[in-house]
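**Q**
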Amino acid sequence: MEVREFVKRNFLLVISAILAIISLFFVPFDTVLSYEYQRILKTICILLFFLLIVAGLKECKALDKLATITLGNLKTTTSLCLVLILLPFFSAMLFSNDVSLLTFIPISIATLGMAKRKELVAVVIVLQTVAANIGSSLTPFGNPHNLYIFNFNDKYGFTLMDYEMALIPIVVVGTLAILIMTLMIPKHEMEVKMRDDIKIEHKPKFLVIMAMFILAILTVMNIVPFYIVAVIIIAVFLIIMPKVFLKIDYSILCIFFFLFIFANNVTSIDAIRSVLTDLMAWDPMLTTVLVSQFTSNVPSTILLEQFTDDWAAVVVGADIGGFGTPIASMASVITLRLYLLNKEHDVGHFFKVFFLIELVMLAVLIPTY
Numbered sequence: 008m009e010v011r012e013f014v015k016r017n018f019l020l021v022i023s024a025i026l027a028i029i030s031l032f033f034v035p036f037d038t039v040l041s042y043e044y045q046r047i048l049k050t051i052c053i054l055l056f057f058l059l060i061v062a063g064l065k066e067c068k069a070l071d072k073l074a075t076i077t078l079g080n081l082k083t084t085t086s087l088c089l090v091l092i093l094l095p096f097f098s099a100m101l102f103s104n105d106v107s108l109l110t111f112i113p114i115s116i117a118t119l120g121m122a123k124r125k126e127l128v129a130v131v132i133v134l135q136t137v138a139a140n141i142g143s144s145l146t147p148f149g150n151p152h153n154l155y156i157f158n159f160n161d162k163y164g165f166t167l168m169d170y171e172m173a174l175i176p177i178v179v180v181g182t183l184a185i186l187i188m189t190l191m192i193p194k195h196e197m198e199v200k201m202r203d204d205i206k207i208e209h210k211p212k213f214l215v216i217m218a219m220f221i222l223a224i225l226t227v228m229n230i231v232p233f234y235i236v237a238v239i240i241i242a243v244f245l246i247i248m249p250k251v252f253l254k255i256d257y258s259i260l261c262i263f264f265f266l267f268i269f270a271n272n273v274t275s276i277d278a279i280r281s282v283l284t285d286l287m288a289w290d291p292m293l294t295t296v297l298v299s300q301f302t303s304n305v306p307s308t309i310l311l312e313q314f315t316d317d318w319a320a321v322v323v324g325a326d327i328g329g330f331g332t333p334i335a336s337m338a339s340v341i342t343l344r345l346y347l348l349n350k351e352h353d354v355g356h357f358f359k360v361f362f363l364i365e366l367v368m369l370a371v372l373i374p375t376y
């Protein structure tokens, strides 16, 4: 029973591990040893930095304070839903889409319960997922696949401005679509009573954590050397908040590593490599969108970027490809997982809402590139 529960809670981790192990049987061990582990380990470490920072902010009650400030004076369901959806939109730009959803979906479920609007839970958390994915697209550290591609900026020769220009069209169109769908939620009068006694705790530690956040951004931008930042951030958290190392979700990091192994092993097989080469020559953006529907957008990025020099097509395709099926992005998996923890969940209703909104996003975003 314990094994079954572990698999149920961590099925993406289990699947990625199984795929990585199976793929090892099709590739010589020397080939596996030759992969560029330095880039993937740097990406994983940067993800770890942001997980530590968010865990630290939670310990300081900074995110709880943010929720009370933004949700305390809302009087209608439309305004409540709009704020709930915009919170992960903006926070994903800074802390990643996955971390934002892990933070704000539980707050949304609880808040809608207090407002006696539990029937809106499914539509709100699906729109939160969409908003987090769109918001995270705007920054190189907003999601793992963007971060992975940005770590190749020396290989492709693009700048931060090049990156932003490639992603701004889908962010603008996606944001408009989110706002329109949110404003279609029926408007009703309501009142949410939020605690007004929540304050940021451990203010000196809070300021140090914010300084670590700035350092993490600077290393993503290649302004401050990665190794220096890694030593500083790990050392600082070991000193001021060692317990946060026990409170972060390491499965996200393990999944990313397993998918890296799987993607590289698969592309080392001649037959698969030939098919992917042809597809990427045909249309790298659409190919990335299609492959993401079945493998999710993180492995599709790792899998396909090596077949083209058009980095923009891959990163845009991965960001758009995060919409569609429930496994198209890890963010959707996280949302479904959190929804199922809600005792009053209705899976059938959830999937109706999910596929309707996700297909709308695919339909409006694909023509933007």
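Counting the sequence shown from 1 gives a position; our numbering is that position plus 7.
The beta carbon of each residue, even a glycine, is placed where N, CA and C say it ideally should be.
Less than 8 Å separating the beta-carbons of Lys-254 and Ala-62?
**A** Yes, they are a contact pair.
**Q** According to DSSP, is Glu-196 helix, strand or coil?
**A** Here Glu-196 sits in strand by DSSP.
**Q** What number of angstroms, rounded off, separates the C-alpha of Ser-5 from the C-alpha of Leu-48?
**A** The structure shown does not extend to residue 5, since the chain is modelled only from 8 to 376, so the question has no answer here.
**Q** When you compare each of Asn-150, Pro-374, Ile-341 and Met-368 to Leu-108 by their alpha carbons, which one comes out closest?
**A** Nearest option by C-alpha distance: Ile-341.
**Q** Report all residues from its chain with a CB closer than 7 Å to the CB of Leu-134; omit the five preceding and five following residues, and keep chain order.
**A** Hits under 7 Å: Ile-92, Ile-185, Met-188, Thr-189 and Ile-364.
**Q** Could you pull out every unbroken alpha helix (DSSP H) segment of at least 4 residues lying fully inside the region 241 to 323, listed in chain order?
**A** The qualifying runs are 258 to 274, 277 to 289, 291 to 302 and 304 to 311.
**Q** Given a cut-off of 8 Å, decide if Ala-218 and Val-236 are closer than it, judged by their beta-carbon atoms.
**A** No, the pair does not count as a contact, with Cβ atoms beyond the cut-off.
**Q** Could you name the residues of the same chain whose beta carbon sits closer than 8 Å to that of Phe-159, not counting the 5 residues immediately before and after it, in chain order?
**A** Hits under 8 Å: Arg-46, Glu-312 and Trp-318.
**Q** With which residues is Thr-83 paired in a DSSP beta bridge?
**A** Glu-196, per the DSSP bridge assignment.
**Q** Taking His-152 as the reference, give the member of Ile-373, Ile-327, Met-368 and Ile-112 with the closest Cα.
**A** Here the closest residue by C-alpha is Ile-327.
**Q** Would you say Asn-153 touches the ligand ADP, meaning its beta carbon is less than 7 Å from a heavy atom?
**A** Looking for the ligand ADP in the displayed structure turns up nothing, as the structure carries no ligands at all.
**Q** Would Thr-84 pass as a contact of Arg-124 if the rule is Cβ separation under 8 Å?
**A** Yes, they are a contact pair.
**Q** So, is Asp-277 buried or exposed, given that buried needs 16 or more other C-beta atoms within 10 angstroms?
**A** The residue is exposed, with fewer than 16 neighbouring Cβ atoms inside 10 Å.
**Q** So does the region 267 to 275 actually touch the region 31 to 44, counting three or more Cβ pairs closer than 8 Å?
**A** At 8 Å Cβ cutoff, the stretches touch.
**Q** Looking only at its chain, what residues have a beta carbon closer than 7 Å to the beta carbon of Val-90, apart from the 5 residues adjacent to it on each side?
**A** Closer than 7 Å at Cβ, skipping near neighbours: Thr-77, Leu-78 and Leu-81.
**Q** Could you tell me which whole alpha helix (DSSP H) segments of length 4 or greater appear in the region 147 to 233?
**A** Listed in chain order, they are 151 to 157, 160 to 163, 167 to 190 and 210 to 227.
**Q** Counting C-beta neighbours from all protein chains within 10 Å, is the total for Gly-120 16 or more, i.e. buried, or is it exposed?
**A** Flag for Gly-120 reads exposed.
**Q** Could you check the C-alpha separation between Leu-64 and Leu-55 for me, to the nearest Å?
**A** Looking at the two C-alpha atoms, the distance is approximately 14 Å.
**Q** Rounded to whole angstroms, what's the CA-CA distance from Cys-261 to Thr-182? Just pull it up for me.
**A** Looking at the two C-alpha atoms, the distance is approximately 31 Å.
**Q** Output the distance between the C-alpha atoms of Lys-15 and Gly-142, rounded to the nearest integer angstrom.
**A** About 29 Å.
**Q** Tell me the rounded alpha-carbon separation between His-209 and Lys-68.
**A** Near 9 Å, if we compare the C-alpha coordinates of Lys-68 and His-209.
**Q** Might you give, ordered along the chain, the residues of its own chain that have their beta carbon closer than 8 Å to the beta carbon of His-356, omitting 5 neighbours on each side?
**A** Cβ neighbours of His-356 beyond the five flanking positions: Ala-129.
**Q** By a C-beta neighbour count over all protein chains shown, 10 Å radius and 16 as the cutoff for buried, is Pro-147 buried or exposed?
**A** Classification of Pro-147: buried, given that the 10 Å Cβ count is 16 or more.
**Q** Among Cys-88, Phe-220 and Asp-285, whose alpha-carbon lies nearest the alpha-carbon of Pro-193?
**A** Ranking the options by Cα distance to Pro-193, first place goes to Cys-88.
**Q** Work out the CA separation of Leu-345 and Ala-173 for me, nearest whole Å.
**A** Approximately 32 Å between the Cα atoms of the pair.
**Q** Answer yes or no: do Val-21 and Ile-177 have a C-beta to C-beta separation smaller than 8 Å?
**A** Going by C-beta atoms, Val-21 is not nearer than 8 Å to Ile-177.
**Q** Using the three-state DSSP reduction, which class does Val-34 fall into: helix, strand or coil?
**A** Coil at Val-34, not helix or strand.
**Q** Out of Val-215, Tyr-376 and Leu-19, which has the shortest C-alpha to C-alpha gap to Ala-320?
**A** Cα-wise, what sits closest to Ala-320 is Tyr-376.
**Q** My output table needs one value for Asn-17: the three-state DSSP class, helix, strand or coil.
**A** DSSP places Asn-17 in coil when its eight states are reduced to three.
**Q** Alpha carbon to alpha carbon, what distance is there between Asp-285 and Asp-256?
**A** So the alpha carbons of these two residues sit roughly 37 Å apart.
**Q** Alpha carbon to alpha carbon, what distance is there between Ser-144 and Ile-175?
**A** The alpha-carbon atoms of Ile-175 and Ser-144 are separated by roughly 8 Å.
**Q** Taking Ile-221 as the reference, give the member of Ile-309, Met-337, Ile-240 and Val-298 with the closest Cα.
**A** Nearest C-alpha to Ile-221: Ile-240.
**Q** Would you mind stating whether Thr-110 and Ser-339 have Cβ atoms separated by less than 8 Å?
**A** Against a cut-off of 8 Å, the Cβ pair of Ser-339 and Thr-110 comes out as no contact.
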